[in-house]
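Student:
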Amino acid sequence: MALHAVTRLRTGRAGAAGRPAPRPDHGRPGDPVTASGRLFWKYIIVFVLLVSGGLLVSGLLEIYFSYEENKAGLAAMQREKALAAASRIEQFIRETEGQIGWTVQPAPATGTAAMAQRRADFHRLLRHAPGVAEVSYIDGAGREQLRVSRRGVEVVGSRADLARDPKFMQAREGHLYFGPVYFRRGSEPYMTIALAGPGQDAGVTAAEVSLKLIWDVITRVTMGREGYAYVVDREGALIAHPDASRVLQQARLDGLPQVASALQALKAHSSRHGEALIGTDVDGNHTLAAHAAIAPLQWIVLVEQPLSAAFAPIYASLTRTALLLLFGLAVSVLASFVLARRMVTPIRALQTGAARIGAGDLGHRIHVPTGDELETLADQ
């Protein structure tokens, strides 16, 4: 009997040793922990996409429209500066033109008395028109009869032949003549304005006008900390600039993109002066420019400033908006984690409780104090 007991004991040990030991299950499909983990991350992904996606789209749209509105506002300010400068220069030219017109006599008067009257008119013009440096009278045959200068030079009866001079020919055709800009003594810009008197044989009055006032107008134009204005003629030659040395060098700026575009609009008689242009200055730096035309002269006033300075306030605003957007995204992700955890925790409790009851623990009570349908389900 003892032998049989020993045999059974050895057989039991051998059988126990021969059977493989049960391996721990680290998450089979359907395991409550694994399933609840997957559900948790599903909720996280859904909440992040909904909340963060909406916030991201809203933020990007806000950044885009803010950039466009600020850019448009900046361009409008530069345009107003250009229009104001162009209006002031045109006003100066119109006033000077009107003052010259006072000296035009209705008939081709000749003789000593007529010449004395014209001389008196010319001297009065020099007193009342500071911009006029010299004025002359050319008779109907194209001969200069009188020239009076602010420097005290007075020439009578020179009879210089100016019949082929553009100022005489254009004025005789009934057109107001605005000559090209030139420099006297290499330091100050001048322009000739000429107009003819009424009548077929009337002569032409021509005045040499200093454009120093235009320089003063342009120098006073400011735009931000680094903005400035300048004037070019119909060929792109620089007429006025805060840096007078550039004007004295008689620089041509028609190769700059913003100047070329403005000249093209001028020649096409376009009113596109409202558009702001991204261009470059003479040093190759990118600029934001706006322009306005001076129609009678076919000149263009441009107001520009370096792009970095122009967009600095915009970039600062966009940076603040982007930081707020990132903060909102971080908060939304954190809120998504909290909300997903609060939703998954009672579901996990239901899974665990259902597993225990299914294993035979019929006395187990599932406690889910959520105050909603999940708590009702747990109490059933």
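Numbering (this note's numbering), first residue to last: 99 to 478. Beta carbons: idealized from backbone N, C-alpha and C, even for Gly.
Just to confirm the assignment, what range does the alpha helix (DSSP H) spanning S256 have?
Tutor: As a first step, residue 256 is located in the sequence shown; it is residue number 158 there, counting from the start. Segment: none, S256 is in no alpha helix (DSSP H) and carries neither H nor E.
Student: Do you know offhand how far S247's Cα is from A231's?
Tutor: Walking along the sequence shown from the start, residue 247 turns up at place 149. Walking along the sequence shown from the start, residue 231 turns up at place 133. Roughly 6 Å separates the two Cα atoms.
Student: Could you compute how far the alpha carbon of R332 sits from the alpha carbon of H367?
Tutor: Within the sequence shown, numbered from 1, the residue matching residue 332 stands at position 234. Within the sequence shown, numbered from 1, the residue matching residue 367 stands at position 269. Taking the straight line from one Cα to the other gives about 12 Å.
Student: In chain order, what residues of the same chain lie with their CB nearer than 7 Å to the CB of E160, ignoring the 5 residues before and after it?
Tutor: Reading the sequence shown from its first residue, position 62 is the one you call residue 160. Hits under 7 Å: T419.
Student: Under the rule that 16 or more other beta-carbon atoms within 10 Å means buried, what is H339, buried or exposed?
Tutor: Position 241 of the sequence shown, counting from 1, holds the residue named residue 339. That one is buried.
Student: Whole angstroms is fine: what's the gap from M321's alpha carbon to L361's?
Tutor: Position 223 of the sequence shown, counted from the first residue, corresponds to residue 321. Position 263 of the sequence shown, counted from the first residue, corresponds to residue 361. So the two alpha carbons sit approximately 22 Å from each other.
Student: Using the DSSP secondary-structure output, state which residues sit across from L293 in a beta bridge.
Tutor: In the sequence shown, counting from the first residue as 1, residue 293 sits at position 195. Bridge partners of L293: T303.
Student: Is it buried or exposed, S434, if we count other Cβ atoms within 10 angstroms and call 16 or more buried?
Tutor: Start at 1 with the first residue of the sequence shown, and residue 434 comes out as number 336. When all chains shown are included, S434 counts as buried.
Student: Per DSSP, L309 forms a beta bridge with which residues?
Tutor: Looking up residue 309 in the sequence shown gives position 211. Answer is none; L309 lacks a bridge partner.
Student: Taking the continuous beta strand (DSSP E) assigned at A388, which residues delimit it?
Tutor: Translated into the one-based positions of the sequence shown, residue 388 becomes position 290. Counting along the chain, the beta strand (DSSP E) containing A388 begins and ends at 384–392.
Student: Just to confirm before moving on: does the CB-CB distance between A292 and A269 stay below 9 Å?
Tutor: Taking the sequence shown and counting its residues from 1, one reaches residue 292 at position 194. Taking the sequence shown and counting its residues from 1, one reaches residue 269 at position 171. Cβ atoms of A292 and A269: closer than 9 Å.
Student: State the start and end residues of the unbroken alpha helix (DSSP H) segment that holds F266.
Tutor: In the sequence shown, counting from the first residue as 1, residue 266 sits at position 168. Here the alpha helix (DSSP H) through F266 covers 264–270.
Student: Can you give me the Cβ contacts of L427 inside the same chain, cut-off strictly under 7 Å, excluding the 5 residues immediately before and after it?
Tutor: Here residue 427 is taken as the residue at index 329 of the sequence shown, counted from 1. Within the same chain, L427 has close Cβ partners S150, L153, L154.
Student: Checking the sheet assignment: what are the DSSP bridge partners for W397?
Tutor: As a first step, residue 397 is located in the sequence shown; it is residue number 299 there, counting from the start. BP columns for W397 point to I392.
Student: Quick one: give me the first and last residue of the alpha helix (DSSP H) that A183 is part of.
Tutor: For the purposes of this step, residue 183 is identified with residue 85 of the sequence shown, where counting begins at 1. Per DSSP, A183 belongs to the alpha helix (DSSP H) from 151–199.
Student: If I follow the unbroken beta strand (DSSP E) through Q347, where does it start and stop?
Tutor: The count along the sequence shown starts at 1 and reaches residue 347 at position 249. No beta strand (DSSP E) holds Q347; DSSP gives it neither H nor E.
Student: Near I392, what residues of its chain come up, given a Cβ to Cβ distance below 6 Å and the 5 sequence neighbours on each side ignored?
Tutor: The sequence position of residue 392 within the sequence shown is 294, counting from 1. The residues are A184, I187, E188.
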